[in-house]
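**Q** Supplied in structure tokens, the structure appears directly below.
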Amino acid sequence: MVADSLIIFCLTLAWLLPLAGCVVISVLRLKLSRLSAVPGWIGTGSLLVAFCLSLISAGVWLMTSPAETAALQASNVSDVAAHETGNLLQRRLVGHWYSLAKFGEIDFPLGYAIDALTVLMFVLVTMISLAVHAYSLVYMADEQTESYQDHHLDHSAGETSERPGRFAHFYAALGLFTFAMLGIVLAHGLLQIFVFWELVGFSSYLLIGFYHERRTARLASMKAFLMNRVGDVGFVLGMTILLATCGTLLLYPVHDLNGTTASSVPMALPEAFQAAVEKAVPSQAIHDQANLIPTEQGISYALLVAAGLGLLAGCVGKSAQFPLHPWLADAMEGPTPVSALVHSATMVAAGVYLAARIAPLLLPEALLLLAYVGVVTLLLGASMAIVARDLKLVLAHSTISQLGLMLLGIGVGAWEAAIFHLITHAFFKSLLFLGAGSVIHTTHHEQDLEKLGGLRAHLPLTSLTMLIGVIALSGLAVPYVTIFGESLGFSGFHSKDAIVSGTMAFVLKNPHHILLLISVLLGACLTAAYSLRLWLKLFARDTPVDPALQQVHEGPWLMTWPLVVLAFFAAFCALGGEEGFVSTLVEESLSPAPAWFSDSTGEVVSIQWTNASERHAVHGTAGAMALAAAWLGALIAWALYGLQAISSKDLSHQLTPLVRLASHRWHFDTLYRGFLVLPILNLARHTAWIDRILIDPFIDGCARLSERFSHASQWFDEAMINRFFDNMASSIWASGLSLRKAQTGHIRQYVLLATMAVIVLFLILFAWMPGDRAGP
Amino acid sequence: MFADPQFLMSCALFLPVLWGLGLFGFPSRAVSAIRWYGLAGACCELAITVQLAGVALGWIDASPAVNASTTSLRNDILLGMSLPWIPTWNVNYSLGVDGFSLPLILLTSLIFVLSIVASWSIKTHIRGFLFLLLLLETGVMGVFLALDFFLFFVMWEVMLLPMYFLIGLWGGPRREYAAIKFFLYTLAGGVCLLMAMLMVYSASGGSFDLLELARMAQGQVPKSGMDLDQGIALTAAMGDTSLQWRVFVLLLIAFLIKLPAVPLHTWLPDAHVEAPTPVSMILAGILLKLGGYGFLRIAIPICPLGFAEWAWFMVALGVFCVLYGALAALAQSDFKRLVAYSSVSHMGYVLMGLGAFRFQELTGAVLNPDFSTMGLSAATFQMVAHGIVSAGMFFVVGVLYDRVKHRDLRQFGGIASLQPHFSAIAAGIFFAGLGLPGLCGFIGEAFSIFSVWHVDRFFSVGGALGMILTAGYILWALQRVYLGPTYTGPNREYLTEINFREYTVGYILLAFAIGLGVYPATALNVIEPASRQLVQQISGSQERQLSLNRASIESPLDK
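Protein sequences, first through last, are from chains A and B. The opening position of the first sequence corresponds to residue 1284 in the working numbering, with each subsequent residue numbered one higher. The opening position of the second sequence corresponds to residue 316 in the working numbering, with each subsequent residue numbered one higher.
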């Protein structure tokens, strides 16, 4: 079909273009002067084209959708039945490019899977990436120089502050990142997702360590990569289990372009996994390890839970969730536009995205654990955000906290709500970061909230757009007022509502998990408080706190336009709430709920799952509660920082231990250092010590021993054997000499001697001869 | 003539040393001419092996004579030839190429070309150096091509001598210690190999033919040269589990030393630290692969029953090597030593993949043969990938050492701002070593981890934990060497951007690292049929043995 081919072509091209940009920039970099802005324009241009291509494919997708569906229904009924959830039909284009490796029946193809969510994510990622590319043309312009002065260097450590600018490097890494992120979205199998997953981590490593002359940046980039690797070990093990139990890592069965099933389609993961779960035997029944191998006896249930947990470990690492969250705050060492794109809007969201994609592979135990991880992170992040003094750190911790909220949504079974929040969050968080970037850029890299303040008059546009972002983030809205049937709230309000109502429906059915609901409401309150605090600190008064900030002003159009565009989407992208455009598309493309959602099959926990209509039923109540919580938080922040009715200093004095704990980020860094990093380094030293002190001396000792032995044998040769033969020779010589005297030449003497000899011989013979020999 | 596999294989074997003899026609002062001549020889060898690969894979039509000679051999040998060499002892000059050896042969000729390019930095006695290098290449080619145990052994020992002199004469300050250590370790392995060879020779009634030995070990009666009863008796002798067990242990020691596996690995760091850059490239890039190849060509096929009992141990040792090597690398402060320990760690994945076998208790068949195929293929692929990556890493270290004359990680830092271009290449190669997907290191690592799951879960976990440690030491090394404020250590003024020759080596290695990472099927499509065949052989021999045992238990009176 033409439309399908067009979509596939456009998206593939849109995916490859940023890579092409990256390669071209890397090659050109050798020839171009460091002063040139060309790399930036190449990068931005490639993203612009990619964005247009994504838009085209989105348009084609929307236009052809109903007809395609009808055709599909007509052509292949059985296939439709397999993919039907309620009345929604999943439309998905899946295909292979080439096979990475093939071992007998086990195939690892690379390919694409395109559904509504893929198209949506393509538009989202290319759009934010385009905004960041354009914005960076100004923000990073100071890198277009032969000698860049880095003022953040620690001079005491002997670091020299001058270095060549790295403008091209920045755009190459940004292009690579966009390519990798789009690769995750486009991939149709877990292995392929893992490939781009790691590439995303790699480009993030490059971008965090962009100012690698700074010690903090070096350490932060390494920390980010290593912490992600810890999660990725889980990912690899999860894939291993799935491969061993299901025999494939493909998430979707492959159809050819006509929508009909190819002649021999191997089972994709969700079905194979469900089959495995049906055959699974309770873990108590397993004593023998042989049973872990898929045979007729079935697979251990615990193993299948572990597979899901492994994949989730990857998600936890990438999305900076408890306990692998500390890297994200340090990742703020990268340039601010990078934080906007990589460390808030897209890369960290990849964990949530994957969790939603693999949701059918998660058994109840795994989902419940995920919900609790999410809720812990939600509160942890919010608590750190509320005490953070650094502008970017507030946003970073807010990101951690919001990602926790999304994972909570997945944990309680409201996947579409989580992805919905992912999309809205991407808009308002990138907006907030770019706004923060404007502030940081114009104040010459001042990030301390205590020193900033009263910038509203100087930065009117930034303050307005950031206000939109803050309202969206805190989920504020005007209750009970609607215009054209729309409630008066920005995007975050709708998506957060969806997650809260999902949680509430879940808690109503499983009352002993009430803690989830309480925490999510507390989280909503804290979110509103810290986000408003941020805005009020920055913009509340008309005159700057610091006289040095009198000169600040808005940046050129390349910096302000991205803010305006993102603010527009942050405000209105969720129009219509859960019946709206975005939410419907998301819902359309997520995998259907697996069989165990209808009943509680969990082995350890027994959980009643909710469905969409139940969630919808509690929507009003949940929304009201969340909104009340948010307003409460907002009022507290306003009282503290807007009216200054209560002194915030007094309050923090009252809560000193808690504040201190939160501002030390709950001492996670210390814990990791003490319990993981140092012991491993110690172990490493001891390992090297084994080689140096044990094995080598042993080998050398063996060598020395054999040397000693050969010396000994030399001595034995010379002192014993040689001497023995020498002595023998000389005694023979001597006896020969003495015998010579007998050689007289007299015949008679010879005859006499011969006769005597014969007699002696006979005597000997008779003396020793046994007597009875004579008998016979 | 260039489509005749017999000619091509013999040519690939003897061209380097014959070419090397030509070096002595040059006056020793004509350094430049000698270098170019040596490089030309290595390039000719590369061309010949590429041609050989073309013929073996059927891209180039072989002459009709080939088919006649090949059909007599086993069908998974792509090309083969056999001529009598020492008829009294039944020693043949038989060469062959299959899916395991072909990628390694190509790797060998490539790495030799690159290392000769890298040996421009060698200033003394270049003629002798190049001759020894080319002699070494003949030895390595011989090991990869040999289908005769005796020939294999001879070539195995031929490699030893040039390597000893290359380290001992052109090495660093402790070169004599390192050279003698290398020599003795390898010689010990050689003795084990010799004993194993003689045991097999006597048990098989006087055969060195690896294919025939493999057939007999699997319980098939040899094809020719003896009457049936004798053949059956010999087959029974070769198929004896205890014999195979003993032979396998000897071969295990021989090949583990070469691989190298902990605790037989301590020759490696010393040899690498003392060896000059080109020799390090060859040592890590190729010579280590001979250990893994020995398993695939000799130990596993001719002792499948012994292997079945040791497979678990091999995986366990592999996991141990991965972790041990990575931990030891983490603690090093000498850049070259760090890279040497990374080789120990990476070759651990090879050992893991090789042993990824689990047998059904009742029938003795290989359980999940696809996973075992994956393991063998991953091991072979990892050898090729590690050949590229480790040669690259040693080259990178060598380039730095040539300039600043030290390798102390604590004194480095900020090289990136002085050598931005080369640092990018180095980072690419090091990330390939880290196992970043999209680069060649990832494939071998990931598939070895996948394949050992059904041997024991903890092996997969251990291998996966190795990924963190690997990332740790590589990132830390990169950070200490390349990142940070501009380098202020010793010999800063010599730290210039690299020249065209060095770019060439760096870019070729990087291109292969990316190419094999993005499209590993190029190598895997060649390797996979061979590994599947080997898995079937092991499965068959194990099944046969178990059915024999069962028969003897069920009907003891018949005997």
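For each residue, glycine too, the CB sits at the ideal point set by N, CA and C.
#1: Counting only Cβ pairs nearer than 7 Å, list the residues of chain A close to B:ARG847.
#2: Have a look at A:PHE1822, A:LEU1941, A:THR1893, A:HIS1902 and flag the residue whose alpha-carbon is nearest the alpha-carbon of A:TRP1921.
#3: Taking C-alpha atoms, which residue in A:LEU2044, A:ARG1449, A:VAL1408 lies nearest to A:THR1428?
#4: Between which two residues does the beta strand (DSSP E) holding A:PHE1391 run?
#5: Starting from B:GLN647, find everything on chain A with Cβ-Cβ shorter than 7 Å and list it in chain order.
#6: Can we count B:ALA623 as close to the ligand SAM, meaning its CB is less than 7 Å from some heavy atom?
#7: Within the same chain, show all residues whose beta-carbon is closer than 7 Å to that of B:GLU472, passing over the 5 residues directly before and after it, in chain order.
#8: When DSSP builds the beta bridges, which residues end up paired with B:VAL412?
#9: With distances taken from CA atoms, which of A:ASP1979, A:PHE1864, A:ALA1986, A:ALA1811 is nearest A:LEU1923?
#10: Determine whether the beta carbon atoms of B:ILE426 and B:ILE597 lie at a separation below 8 Å.
#11: Leaving out the 5 sequence neighbours to the left and right, which residues in its chain are closer than 6 Å to B:GLY454 when beta-carbon positions are compared?
#12: Hey, B:ASP413 and B:ALA845: beta-carbon distance below 8 Å or not?
#13: In chain A, what lies closer than 8 Å to B:SER657 by C-beta?
#14: I'd like the list of long-range same chain contacts for A:LEU1674, defined as Cβ closer than 8 Å, with 5 residues on each side in sequence excluded.
#15: What residues of chain B sit near A:ILE1982, judged by a beta carbon separation below 9 Å?
#16: Are the C-beta atoms of B:ILE783 and some chain A residue less than 8 Å apart?
#17: Does B:LEU575 come within less than 8 Å of chain A when only Cβ atoms are used?
#18: Alpha carbon to alpha carbon, what distance is there between A:MET1615 and B:ILE842?
#19: What residues in the region 678-706 of chain B bring their beta carbon closer than 8 Å to a beta carbon of chain A?
#20: Could you pull the start and end residues of the beta strand (DSSP E) that B:PHE610 belongs to?
#21: With 9 Å as the limit, tell me which residues of the region 332-357 of chain B have their beta carbon closer than that to any beta carbon of chain A; keep them in chain order.
#22: Let me confirm a value: B:SER660 is counted as buried when at least 16 other C-beta atoms fall within 10 Å, else exposed. Which label applies?
#23: How many angstroms separate the CA atom of B:SER595 from the CA atom of B:SER397?
#24: Note down, in chain order, each residue of its chain lying with its Cβ closer than 8 Å to the Cβ of B:LEU653, except the 5 sequence neighbours on either side.
#25: Closer than 7 Å between beta carbons: that is the criterion. Which residues of the region 1493-1507 of chain A meet it against chain B?
#26: What residue from A:LEU1594, A:VAL1588, A:VAL1658, A:LEU1858 has the CA that sits closest to A:PHE1703's CA?
#27: Short of 7 Å Cβ to Cβ, which residues in the region 1460-1488 of chain A face chain B?
#28: Is there a Cβ of chain A sitting closer than 8 Å to that of B:HIS736, yes or no?
#29: Would you list the one or two residues that DSSP bridges to B:ASN407?
#30: Using DSSP bridges, identify the partner residues of A:ARG1446.
#31: Starting from the C-beta of A:ALA1909, find all residues in its chain whose C-beta is less than 7 Å away, skip the five residues before and the five after it, and write them out in chain order.
#32: Would the region 669-687 of chain B count as touching the region 701-712 of chain B if we require 3 or more Cβ pairs under 8 Å?
#33: Straight-line CA distance for A:ALA1971 to B:VAL637?
#34: Find the nearest neighbour of A:SER1504 within the set A:ALA1320, A:ALA1668, A:PRO1609, judged by alpha-carbon distance.
#35: Does the beta carbon of A:HIS1366 come closer than 8 Å to any beta carbon on chain B?
#36: Mark A:ASN1370 as exposed unless 16 or more other C-beta atoms lie within 10 angstroms of its C-beta, in which case mark it buried.
**A** Reading off the structure:
#1: Residue 847 of chain B sits at position 532 when you count from the first residue of the second sequence. The contacting residues are GLY1387.
#2: In the first sequence, residue 1921 of chain A corresponds to position 638, counting from 1. The residue with the shortest Cα to Cα distance from A:TRP1921 is A:PHE1822.
#3: As a working note, residue 1428 of chain A is residue 145 in the first sequence. The option with the nearest alpha carbon to A:THR1428 is A:ARG1449.
#4: In the first sequence, counting from the first residue as 1, residue 1391 of chain A sits at position 108. Per DSSP, A:PHE1391 belongs to the beta strand (DSSP E) from 1389-1397.
#5: As a position in the second sequence, residue 647 of chain B is number 332, starting the count at 1. Chain A residues near B:GLN647: ALA1971.
#6: Although the ligand SAM was asked about, the structure shown includes no ligands whatsoever.
#7: Along the second sequence, read from residue 1 onward, the residue named residue 472 of chain B stands at position 157. Around B:GLU472: GLY505.
#8: Working through the second sequence from its first residue, we reach residue 412 of chain B at position 97. DSSP lists B:LEU394 as partners of B:VAL412.
#9: To locate residue 1923 of chain A, count along the first sequence from 1; it is residue 640. When only C-alpha atoms are compared, the closest one is A:ALA1811.
#10: For the purposes of this step, residue 426 of chain B is identified with residue 111 of the second sequence, where counting begins at 1. For the purposes of this step, residue 597 of chain B is identified with residue 282 of the second sequence, where counting begins at 1. Against a cut-off of 8 Å, the Cβ pair of B:ILE597 and B:ILE426 comes out as a contact.
#11: In the second sequence, the residue the question calls residue 454 of chain B occupies position 139. Correct list, in chain order: MET470, VAL473, MET474.
#12: The count along the second sequence starts at 1 and reaches residue 413 of chain B at position 98. The count along the second sequence starts at 1 and reaches residue 845 of chain B at position 530. The answer is yes: Cβ separation under 8 Å.
#13: Here the question's residue 657 of chain B lines up with position 342 in the second sequence. Correct list: empty, because the minimum Cβ distance to chain A is about 13 Å.
#14: If you number the first sequence from 1, residue 1674 of chain A lands on position 391. Answer for A:LEU1674: ALA1719, VAL1722, ILE1723, GLN1730, ASP1731, LEU1732, LEU1735, LEU1817, LEU1821, listed in chain order.
#15: Position 699 of the first sequence, counted from the first residue, corresponds to residue 1982 of chain A. Those are LYS496, LEU499, TYR500, THR581, TRP582, listed as they occur along chain B.
#16: Position 468 of the second sequence, counting from 1, holds the residue named residue 783 of chain B. It does; some Cβ of chain A falls within 8 Å.
#17: By 1-based counting over the second sequence, the position of residue 575 of chain B is 260. It should be noted that the sequence gives Pro, not Leu, for residue 575 of chain B. No, its Cβ sits nowhere closer than 8 Å to a Cβ of chain A.
#18: Here residue 842 of chain B is taken as the residue at index 527 of the second sequence, counted from 1. Here residue 1615 of chain A is taken as the residue at index 332 of the first sequence, counted from 1. Going from the Cα of B:ILE842 to the Cα of A:MET1615 covers about 45 Å.
#19: LEU682, ASN683, PRO684, ASP685, PHE686, THR688, MET689, SER692
#20: Within the second sequence, residue 610 of chain B is the residue found at index 295, counting from 1. Unbroken run through B:PHE610: none, as it is neither H nor E.
#21: none
#22: Within the second sequence, numbered from 1, the residue matching residue 660 of chain B stands at position 345. It counts as buried.
#23: Within the second sequence, numbered from 1, the residue matching residue 595 of chain B stands at position 280. Within the second sequence, numbered from 1, the residue matching residue 397 of chain B stands at position 82. Taking the straight line joining both Cα atoms gives about 34 Å.
#24: Position 338 of the second sequence, counted from the start, is the residue given in the question as residue 653 of chain B. The answer, listed in chain order, is ALA644, GLN647, LEU724, TYR788, ALA792.
#25: HIS1495, GLU1496, ARG1501, MET1505
#26: Stepping through the first sequence from its first residue, residue 1703 of chain A is reached at position 420. Out of A:LEU1594, A:VAL1588, A:VAL1658, A:LEU1858, A:LEU1858 has the C-alpha closest to the C-alpha of A:PHE1703.
#27: PHE1477, VAL1478, GLU1481, LEU1482, PHE1485
#28: Sequence index remark: in the second sequence, residue 736 of chain B carries index 421 (1-based). At least one chain A Cβ lies under 8 Å of B:HIS736.
#29: Counting from one through the second sequence, the residue named residue 407 of chain B turns up at place 92. In DSSP, B:ASN407 forms a bridge with B:PRO399.
#30: Locating residue 1446 of chain A in the first sequence gives position 163, counting from the first residue. Answer is A:TYR1431.
#31: Numbered from 1 along the first sequence, position 626 holds the residue referred to as residue 1909 of chain A. Excluding sequence neighbours, A:ALA1909 sits near GLY1758, LYS1779, ASP1780, VAL1783, LEU1804, ALA1807.
#32: no
#33: Position 688 of the first sequence, counted from the start, is the residue given in the question as residue 1971 of chain A. Position 322 of the second sequence, counted from the start, is the residue given in the question as residue 637 of chain B. Roughly 14 Å between the two C-alpha positions.
#34: For the purposes of this step, residue 1504 of chain A is taken as the residue at position 221 of the first sequence. Closest by alpha carbon: A:PRO1609.
#35: Here residue 1366 of chain A refers to the residue found at position 83 of the first sequence. Bear in mind that the predicted position of A:HIS1366 carries a pLDDT of just 42, short of 50, making it unreliable; the figure below should be weighed with that in mind. Answer no: the Cβ-Cβ gap between A:HIS1366 and chain B never drops below 8 Å.
#36: Residue mapping note: residue 1370 of chain A aligns to position 87 of the first sequence, counting from 1. The predicted model places A:ASN1370 with a pLDDT of 38, which falls under 50 and marks its position as unreliable; any figure quoted below should be read in that light. When all chains shown are included, A:ASN1370 counts as exposed.
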